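First comes the structure, then the notes that go with it.
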Amino acid sequence: MLIDIPLMRGEVPRLKPHLLPNEAAVIAKDCCFENGIIRPLFNDLAIATLPIEAKTLFKYTDEHWFVWNKRIEAIHNPMAQDKWQRVYFSGENKPKVTAQDIAIGVVSPAASYDLGVPAPNSAPVINRIDSSTGSEPEEGQPDIFDDETRFYIQTFVTRFGEEGAPSKPSTELLVEKPGSTVYVGLSRLNTNTNNITHTRLYRTVTSSVGAEYMLVAELPIAQVEYADSAKTLNAPIVETWDYDIPDEKMRGLCVMANGICAGFAGNEVMFSEAFLPYVWPKQYRGTTEHQIVGIAAIGTSLVVVTKGYPYIFGGVTPSAINGTKIGSEQACVSKESIVVVNGTVIYASPDGLIAIGSDGVITITDQLMTRRQWQTKIPHTIKAWASEGMYIALYEGGGFIFDPVSQDFRELSNRWDCAYEDLERDQLVIVQGNEMCFWQGGDSYLSGQWRSKVFQLPVDSLMSCARVVSTEINQLSLKIFGDGQLVYSLNKGEVPHNGFRLPAIRATNWQIEISGRAEVERLMVASSMQELM
Numbered sequence: 221m222l223i224d225i226p227l228m229r230g231e232v233p234r235l236k237p238h239l240l241p242n243e244a245a246v247i248a249k250d251c252c253f254e255n256g257i258i259r260p261l262f263n264d265l266a267i268a269t270l271p272i273e274a275k276t277l278f279k280y281t282d283e284h285w286f287v288w289n290k291r292i293e294a295i296h297n298p299m300a301q302d303k304w305q306r307v308y309f310s311g312e313n314k315p316k317v318t319a320q321d322i323a324i325g326v327v328s329p330a331a332s333y334d335l336g337v338p339a340p341n342s343a344p345v346i347n348r349i350d351s352s353t354g355s356e357p358e359e360g361q362p363d364i365f366d367d368e369t370r371f372y373i374q375t376f377v378t379r380f381g382e383e384g385a386p387s388k389p390s391t392e393l394l395v396e397k398p399g400s401t402v403y404v405g406l407s408r409l410n411t412n413t414n415n416i417t418h419t420r421l422y423r424t425v426t427s428s429v430g431a432e433y434m435l436v437a438e439l440p441i442a443q444v445e446y447a448d449s450a451k452t453l454n455a456p457i458v459e460t461w462d463y464d465i466p467d468e469k470m471r472g473l474c475v476m477a478n479g480i481c482a483g484f485a486g487n488e489v490m491f492s493e494a495f496l497p498y499v500w501p502k503q504y505r506g507t508t509e510h511q512i513v514g515i516a517a518i519g520t521s522l523v524v525v526t527k528g529y530p531y532i533f534g535g536v537t538p539s540a541i542n543g544t545k546i547g548s549e550q551a552c553v554s555k556e557s558i559v560v561v562n563g564t565v566i567y568a569s570p571d572g573l574i575a576i577g578s579d580g581v582i583t584i585t586d587q588l589m590t591r592r593q594w595q596t597k598i599p600h601t602i603k604a605w606a607s608e609g610m611y612i613a614l615y616e617g618g619g620f621i622f623d624p625v626s627q628d629f630r631e632l633s634n635r636w637d638c639a640y641e642d643l644e645r646d647q648l649v650i651v652q653g654n655e656m657c658f659w660q661g662g663d664s665y666l667s668g669q670w671r672s673k674v675f676q677l678p679v680d681s682l683m684s685c686a687r688v689v690s691t692e693i694n695q696l697s698l699k700i701f702g703d704g705q706l707v708y709s710l711n712k713g714e715v716p717h718n719g720f721r722l723p724a725i726r727a728t729n730w731q732i733e734i735s736g737r738a739e740v741e742r743l744m745v746a747s748s749m750q751e752l753m
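Taking the numbering used here, the leading residue of the sequence shown gets 221, the next gets one more, and so forth.
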């Protein structure tokens, strides 16, 4: 009789140990099976020391990283070739924006502004009009011929050139002599937390097709009055009527493939103008039946997971985005469990891991474990990241690695506080305390553990010998179980290179466990030495 395990893989907790495939494990911890054999995970490689213990890590440039001591969602500016290198983030009171000249400090980002450009609180005021600079009507024309009814509005502008929504219009003004000087009192800021440096003054210009507000002047924000003596204007018209600031409670900031940014608050999902992350029109919003837990972008669609049904919002332009309620009663129980893996959104529900993609919604761990087994992972505490197509999760008391494609599931003993998937380096960067490391970036192995399925043999079978095939067998230890009891063990350095004898033990159910810092290519337990050859 021979137990031969030439191929190894991870756990399938749903099946009883004796019903597992021969290659499956009862315990697979800190190891992987990318080559069909057991390979322990590599150790982490320390690369930097951070100034604080971080809860969120974000790569700004190759030389600089942003860290926060709270959960933050951050995105790079989706605009092309942004000379300011702006980063937008939510989770720190109001949504914020920072730039390269204020971001870098001992703790980065060192400074930031509130996101968006508010409209002036009050309308411009007509202080007085000086008609002495105006021109008299031409001979033969009535005085009323050149009369002009005029209104003024005002907008604020940041140092990035971002313009906000206009104020309410001034009171109506009748200019009887063209070229008269109008002294306009400008609306002032009470507090400036939005990086506002200038204001733009517009006035109505009437033509045969209608009236528009045309730019009069761009002025420093400190200026309190402007003397408008222009007889005619040929300038840009105001285009920022619906340029609202984002909701101050907005969270979950992310960017879709078409340059539209998204966020949420309560049960309301919000969208920006395409490639304008500071503009959040109120009409670009949708609602969900239940409170939103988190959002994630996949291409030009937005997956919205709630405390009830999930939704998908999609559209070519923000004004045409519509939401679709997915008929799957799978609530999200942890915002930090939401991860995009190979174009699919995966999150933790009470029943298991849920995947939302082009194929619809499925519980991807349904064949691996039952709901009761899943609940032992304490799903509401799960924090997850994506790396190399795998879902890597930590929870209160443990961790696991799951490959959605191969359905490979392994336990993970390593712990960290936060992480960032660095696509440029193709590395998961983790933070433990204030130490930043490349996950599995080192050259030496961690200690892996793998225990086989229960092999059921004829009653009271005698297995008298065993063999472990490994290139570094002196780094391994071995345990053999018979009918659930430990019947033989070898410590590190004691495992022979060739076949070895076991004590004369009879049992029906057999298991073999290997652990240590080396690859394992094959495991065998037999009733005779000849069978091991």
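Note that the Cβ used here is the ideal one computed from N, Cα and C, for glycine as well. Keep in mind the model is a prediction, meaning the values are calculated, not measured.
Beta-carbon proximity of residue i to residue j, cut-off 9 angstroms
i      : j      : result
Ala482 : Ala455 : no
Thr276 : Cys638 : yes
Asn634 : Val674 : no
Val444 : Leu421 : no
Asp250 : Leu632 : yes
Asn394 : Arg370 : One detail in the question is off: residue 394 reads as Leu in this sequence, not Asn. Taking 9 angstroms as the Cβ cut-off, Leu394 and Arg370 qualify as a contacting pair.
Gln587 : Gln627 : yes
Gly772 : Lys397 : Here the chain has residues from 221 to 753 only, and residue 772 is not among them.
Glu692 : Arg742 : no
Asp448 : Thr520 : no
Tyr403 : Ile349 : yes
Reduced DSSP secondary structure (H/G/I, E/B, other) of residue i
i      : result
His296 : strand
Met749 : helix
Thr318 : strand
Thr508 : coil
Ile693 : helix
Pro440 : strand
Thr417 : strand
Ala244 : coil
Ala323 : helix
Ser310 : strand
Ala639 : strand
Glu556 : helix
Ala540 : helix
Arg471 : strand
Arg630 : strand
Leu335 : coil
Of the listed residues the options, nearest to residue i (C-alpha basis)
i      : options                           : result
Arg687 : Trp659, Phe701, Asn718 and Gly668 : Asn718
Thr508 : Val499, Gly528, Gly704 and Trp285 : Gly528
Thr201 : Glu616, Phe658, Leu453 and Phe629 : Here the chain comprises residues numbered 221 to 753, so residue 201 is not present and cannot be evaluated.
Thr460 : Trp285, Gly486, Trp500 and Glu488 : Trp500
Leu666 : Ser407, Ser735 and Pro389         : Ser735
Val458 : Ser427, Tyr433, Arg229 and Tyr708 : Tyr433
Trp605 : Ser626, Val559 and Ser332         : Val559
Ala477 : Glu382, Arg591 and Pro538         : Pro538
Thr426 : Thr391, Phe484 and Asp367         : Asp367
Asn289 : Lys303, Thr281, Ile295 and Ile272 : Ile272
Glu556 : Ser709, Gly668 and Thr601         : Thr601
Arg229 : Asp467, Pro237, Lys236 and Glu254 : Glu254
Asp703 : Arg471, Thr526 and His238         : His238
Ser747 : Ile512, Glu382, Leu439 and Ile725 : Ile725
Gly472 : Met610, Val524, Val689 and Ser709 : Val524
Ile512 : Phe495, Pro530, Pro497 and Arg505 : Pro530
Ile566 : Cys474, Asp663 and Ala613         : Ala613
Gln652 : Trp636, Gly662, Asp663 and Arg645 : Trp636
Gly619 : Lys597, Glu493 and Val625         : Lys597
Those residues which DSSP pairs with residue i across a bridge
i      : result
Pro398 : None, per the DSSP bridge assignment.
Cys251 : Pro260
Thr728 : Note: Thr728 sits in no beta bridge, so no partner.
Ser709 : Lys699
Gln676 : Asn729
Beta-carbon proximity list for residue i, same chain, < 6 angstroms, skipping 5 on both sides
i      : result
Val581 : Ile546 and Ser548
Glu733 : Arg671 and Lys699
Val317 : Arg306, Tyr308, Tyr333 and Leu335
Residues near residue i in its chain [Cβ-Cβ closer than 7 angstroms; skip 5 each side]
i      : result
Pro340 : Gln374, Phe376, Ser387 and Ser407
Lys279 : Trp285, Tyr640 and Asp642
Ile267 : Met656, Cys657 and Phe658
Cutoff 8 angstroms; reference residue i; Cβ partners in own chain excluding five residues on either side
i      : result
Ala439 : For clarity, residue 439 is Leu in the given sequence; the question names Ala instead. The answer, listed in chain order, is Leu406, His418, Thr419, Arg420, Leu421 and Tyr446.
Ile247 : Glu231, Glu631, Gln669, Trp670, Arg671 and Glu733
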